[in-house]
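Protein chains in written order, with this note's numbering: chain W, 68 to 475; chain P, 2 to 290. Note that CB positions come from ideal geometry on N, CA and C, so glycine has one too. Since we're looking at a predicted model, the values are computed, not measured.
See below:
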């Protein structure tokens, strides 16, 4: 190359870098800052803390898997919708490149609004309300089932449960928490029951209650008075505990307590507080694949970081929170940039096949929703949440009706 | 809707209402004499509930056996709080008293969060999940015992104010501040005594309440608000009114949950509050100012 040509080339490179000064910064983006917002105190504190474990093990595991550095910026939304919004604003101001959260649908919605307004990608770990991915948001992505998906999978598993145990319950009383999630589930169940005519039971009464209720005497009295064969329940954790205790006090022993897809009954605190009373409660929920290689990696990381905790109590919360951060890290690795729009575009192209939770690969559709996430029928047996259906993933046979069942 | 269902719900509401009444009684006693509205009332009961869970965890001490030590401890706490912190504010404007007690409440909630974390705690006594059966009515044992403790504590408080010299002196301070001073009563000391008694009352309510609900630091503000509703419905400064208000709120919440919708329980008790404020602002048994 002659000197003049060389000088021209250098001058051209200088012009290009001046026109695009951030290219240097982008190339130097070494670390992805992930803002994780969870309800670590308040009514949902226990579940939020369970999810938080997934966030805390993620950096080390993801560094090993993808060679990517991530920094977790944690915030507690105190189980409050408005606090969730302000925490999201604060994390973005403090430099978060992507947000993850927030478990509760209402809290997640307020966070998603901030993320969309500020153009920061938000990967929802756990939240089922359909509007999250139905409003045309460009920066919100969800790797979790929507309420209709949960209901469809959950009710279908209920049918399988009856077939597996040769039982034909004719009636159910439906109790649900009266919050964003509970109402979405109630709407979904109402619609699904009309279509799923092969299910042998009818819902004879529907009782909604405050998720922060301290006393469920009236609600359980009403449910017992319905003389239903079994209890169909959409709950949270604290209310599930109060409800189960109240059922014992009122000597109400239905065929079973079955959740078509809600938290609470598979959580460690439920079993720890209730002991044997927690047994035989069933939750049809998205669950982790115990045989997946990534599950074993996460389990090992959990055992190292939280030696007193067992994955089977936290699998759903830890698994989906971990996967949400994995999605962000995977996108960062491909995008090689922390520019929000670039990250969002990369998330849209995600195709993760090596995952922990049941179901197909993590691939987002045009609305930012992952389809094909699977559910399992998880029953507490000997105070351990155990997969009993589908048969291909089952570790034990389902028990239905519960011992102590008395026909009214 | 069967009679059994209604009867079960009303009985449960009545027993819960008695415990609410005891909780509100402490607030009513304090206001009736000291003329300070204790906005940290629910928080004090929450502290008592935590104290009982600690005693149970350490020594398996039944909440009913914890009543005496809890009441004694809270009496001293209330006495010192009044004598040391609240006394200077008695002659100050009401908004200053309000800010002081709200600040005390916030400090209490956050101290509990720091000490115990956000997780719910409870006591698991042997009779926690048992019930008596009278015909078709099932009576929750723990709720019945809690209600009996509330009635006993309220009766003791009534007897104290009616039959003891100290009780009469406190009533004199409440009825006529100047007259009490003129006859030589140490009014400040009696104010502190009254605050101590009100605090002891709320401690007993806490011992009973811990059998009915799980305790978290966030419980305080809810019960402070509930205590206010009860006291306003019953009549600020009226002890009988506080008990009656508690029972009314307990039963009306239960019936509203049954007849309207369980999620409408709180709505009904606030509706009752509004009706009382509109048509009988001094409360059901309160005196017009």
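{"Item": "Proximity of residue 267 of chain W and residue 380 of chain W at Cβ, strictly below 8 Å", "Value": "no"}
{"Item": "CA-to-CA distance, residue 391 of chain W to residue 342 of chain W, given in whole angstroms", "Value": "32 Å"}
{"Item": "Residue-level contact to chain W via CB, residue 113 of chain P, 8 Å cutoff", "Value": "no"}
{"Item": "is_contact[residue 149 of chain P, chain W] using C-beta, thresh 8 Å", "Value": "no"}
{"Item": "Residue 156 of chain W - containing alpha helix (DSSP H), residue span", "Value": "148-160"}
{"Item": "Residue burial classification, residue 358 of chain W (beta-carbon count within 10 angstroms, cutoff 16)", "Value": "exposed"}
{"Item": "In chain order, each beta strand (DSSP E) run of at least 3 residues that lies wholly inside the region 293-318 of chain W", "Value": "297-301"}
{"Item": "Neighbour flag for residue 92 of chain W against chain P, beta carbons, 8 Å", "Value": "No answer about residue 92 of chain W holds up, because its pLDDT of 41 lies below 50 and its placement is not dependable."}
{"Item": "From W:271, W:339, W:311 and W:230, residue whose alpha carbon lies closest to that of residue 295 of chain W", "Value": "W:271"}
{"Item": "Residues near residue 437 of chain W in its chain [Cβ-Cβ closer than 7 Å; skip 5 each side]", "Value": "209, 210, 429, 430 and 431"}
{"Item": "Where residue 230 of chain W falls, given that 16 or more other Cβ within 10 Å makes a residue buried", "Value": "exposed"}
{"Item": "Residue 469 of chain W, DSSP secondary structure in three states", "Value": "coil"}
{"Item": "contact_flag[the region 18-29 of chain P, the region 233-249 of chain P] where n(CB pairs < 8 Å) is 3 or more", "Value": "yes"}
{"Item": "Residues bridged to residue 123 of chain W (per DSSP)", "Value": "DSSP lists no partner for residue 123 of chain W."}
{"Item": "Residue 452 of chain W, enclosing beta strand (DSSP E) - first and last residue", "Value": "451-456"}
{"Item": "Per-residue DSSP class, three states only, for residue 292 of chain P", "Value": "Residue coverage of chain P in this structure runs from 2 to 290, which leaves residue 292 of chain P outside it and unanswerable."}
{"Item": "Delimiting residues of the beta strand (DSSP E) encompassing residue 98 of chain W", "Value": "98-105"}
{"Item": "Residues from the region 238-261 of chain P in contact with chain W, defined by Cβ distance under 9 Å", "Value": "254, 255, 256, 257, 258 and 259"}
{"Item": "Short-range partners of chain P found in the region 312-330 of chain W, where Cβ spacing is below 8 Å", "Value": "312, 315, 316, 317 and 318"}
{"Item": "Min CB distance residue 181 of chain P to chain W below 8 Å", "Value": "no"}
{"Item": "Chain P within 8 Å of residue 472 of chain W, Cβ atoms only", "Value": "no"}
{"Item": "Among P:255, P:261 and P:236, nearest to residue 274 of chain P - alpha-carbon criterion", "Value": "P:236"}
{"Item": "C-beta atoms of residue 228 of chain P and residue 71 of chain P nearer than 8 Å", "Value": "no"}
{"Item": "Segment contact, 8 Å Cβ cut-off, at least three pairs: the region 143-150 of chain W with the region 105-114 of chain W", "Value": "yes"}
{"Item": "As assigned by DSSP and simplified to three states, the class of residue 108 of chain W", "Value": "coil"}
{"Item": "Integer-rounded CB distance, given that residue 302 of chain W should sit under 8 Å from residue 329 of chain W", "Value": "5 Å"}
{"Item": "Residues near residue 119 of chain W by beta carbon distance below 8 Å, same chain, minus five either side", "Value": "103, 105, 107, 141 and 388"}
{"Item": "Given residue 225 of chain W as reference, the closest of W:334, W:446 and W:198 once Cα atoms are compared", "Value": "W:446"}
{"Item": "Member of P:181, P:213, P:172 and P:154 whose CA lies at the smallest distance from the CA of residue 202 of chain P", "Value": "P:154"}
{"Item": "Residues that DSSP places opposite residue 448 of chain W in a beta bridge", "Value": "W:451"}
{"Item": "Every unbroken alpha helix (DSSP H) inside the region 149-233 of chain W [4 residues or more]", "Value": "172-185 and 214-232"}
{"Item": "Which residues DSSP lists as bridging residue 73 of chain P, in chain order", "Value": "According to DSSP, residue 73 of chain P bridges with nothing at all."}
{"Item": "Under 8 Å by beta carbon: chain P residues contacting residue 276 of chain W", "Value": "263 and 264"}
{"Item": "Under the three-state DSSP convention, the category residue 321 of chain W falls into", "Value": "coil"}
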